[in-house]
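Residues in the sequence shown are numbered from 95 upward in steps of one, following the numbering used here. Heads up, the beta-carbon is just placed ideally off N, CA and C, and yes, glycines get one too. To start, the structure itself, in structure tokens.
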Amino acid sequence: MNIGKAAAASGVSAKMIRYYESNELIPSASRTEAGYRNYSENDVKTLCFIRRARDLGFSVTQMRELVALWQDQSRASADVKRLALEHVEALERKAQEIREMSRALRHLAENCQGDARPDCPIINGLERSAEQVQTSKSETECCGADLPPVFNPTAP
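As structure tokens, this is what we get:
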């Protein structure tokens, strides 16, 4: 089947199919005499597997490992479980970081009058965060003790 039909059957866009092919998550498709990609039913099953893994937030590297484990009939389920639990831990860390960002922003919003005056704790809090980058102060010094720490995506 051509890439459009494979995309429709798998729920993966044609652009993503080409991306997964270029990143070796799926084998290179055979080509018709006219040079069009030709996908098998097995390719579509693999694309469905990849789509589900992507929906669960696995990275391309993790998906590559999952596909290899899925295709290896002698795999140890312990390897699959280890990969899944590592991903769960990463998701939980990210969820905690998002909760911290939400808490910090909620704190700023709760202290904003939301009226016609120009004074705004949200802008002031963001400005203090920007000053922190310039002065390399710690986040709590920058934002004051009353402001919860804000997620820093560049932090280790």
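| Asked | Found |
| --- | --- |
| Burial state of L179 (16 or more Cβ within 10 Å) | exposed |
| T140, buried or exposed, once every other Cβ within 10 Å from all chains shown has been counted against 16 | buried |
| Given 8 Å, three or more beta-carbon pairs between the stretch 148 to 162 and the stretch 176 to 192 | yes |
| Three-state class that DSSP yields for N218 in the structure shown | helix |
| R211 in three-state terms, based on DSSP | coil |
| CB-CB length for R131 against I97, believed under 8 Å | 5 Å |
| R187 in three-state terms, based on DSSP | helix |
| R145 vs S104 beta-carbon contact at 8 Å | yes |
| Environment of A123 [buried if 16+ CB atoms lie within 10 Å] | buried |
| Assigned secondary structure, S196 (DSSP; H/G/I helix, E/B strand, else coil) | helix |
| Pairwise C-alpha distance: V174 and L185 | 17 Å |
| Buried versus exposed, by CB contacts within 10 Å (16 or more), A249 | Only weak support exists for where A249 lies, its pLDDT of 42 falling under 50; the value from the coordinates is given anyway. Counting Cβ neighbours within 10 Å, A249 comes out exposed, since fewer than 16 surround it. |
| A170 classed as buried or exposed, judged by whether at least 16 other C-beta atoms fall within 10 angstroms | exposed |
| Residues bridged to N132 [DSSP beta-bridge criterion] | S124 |
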